[in-house]
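If you want the working numbering, it's the 1-based position in the sequence shown plus 7. Note that the Cβ used here is the ideal one computed from N, Cα and C, for glycine as well.
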Amino acid sequence: MLVLYGHPFSSYTQKALIALYENETPFEFREIGPEHPDNIGAWLERWPMALFPVLVDGDRSLVETSIIIEYLQLKHPGPVRLIPDDPMAALDVRFMDRFFDLHVMDAQQVAVASKLGRIPMTAEDGLALAHERLRKAYGWLEGALAGKTWACGESYSLADAAASTSLFYADWVLEITDAWPVLRAYRQRLLKRPSFARCVEEARYFRPFFPLGAPDRD
Ligand SMILES: N[C@@H](CCC(=O)N[C@@H](CS)C(=O)NCC(=O)O)C(=O)O
């Protein structure tokens, strides 16, 4: 049985959960939190970098969500293939996955990390920098997503898993208004995808803990 260590409100945990839910892959979820000290010990033993999620498959521990999702497709494939078989199409998917992690998720995390005092920057400066970076990313995505259903065309992929969670929280840091209509509509489509809709529901309880204050919207 696969085991996933993570937290339901964590964006990267949700990215891995999307892949598991898409293919209805059986797994056991072990929540990281003060109520589960055993899980914390087991998680840190497997990944001293202290980041989640971590996927455990027998003797093997996997970290980094993009790698976890690639691994699932190699070792526990299902009907939904999140990385295309065609190598050039796969390259496009991997690029967009990197874009969402590095230019959307990382950007919004600056606002959160500065608010929590985890980086040497005031919360005000952190929010300003996050806004600057997100405006650039939203602007680029507005063109890159034009005419597409999903990040790389008509097939839902790894890139959409990354987009779902990064855009979900980015919108809470800098709202994706009508100034970016293509991106706004894409985020709405992502929210309707059953695998991600399930993640959003499972994490709803934790919203009061969002460090910047969660807005009253999905
Ligand atoms: N690049 C990593 C990022 C993982 C990551 O940043 N996880 C966050 C949660 S979303 C974390 O573990 N943060 C540590 C903490 O909150 O203490 C991945 O793709 O898995």
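Query                                                                                                                            : Result
Touch test, the stretch 200–216 against the stretch 27–35, Cβ-Cβ under 8 Å, three pairs minimum                                  : yes
Beta-carbon contacts of residue 83 that lie in its chain and below 6 Å, excluding the five residues immediately before and after : 32
Runs of alpha helix (DSSP H) lying entirely within the stretch 103–166, each at least 4 residues, in chain order                 : 113–122 and 130–151
DSSP-derived helix/strand/coil call for residue 71                                                                               : coil
Sequence-distant residues of its chain with Cβ nearer than 6 Å to residue 130 (five each side left out)                          : 121 and 122
Cβ-Cβ distance between residue 164 and residue 207 below 7 Å                                                                     : no
Per DSSP, the bridge partner or partners of residue 34                                                                           : 9
CB of residue 141 within 7 Å of CB of residue 181, strictly                                                                      : yes
Any non-hydrogen atom of ligand 1 within 6 Å of residue 71 CB                                                                    : yes
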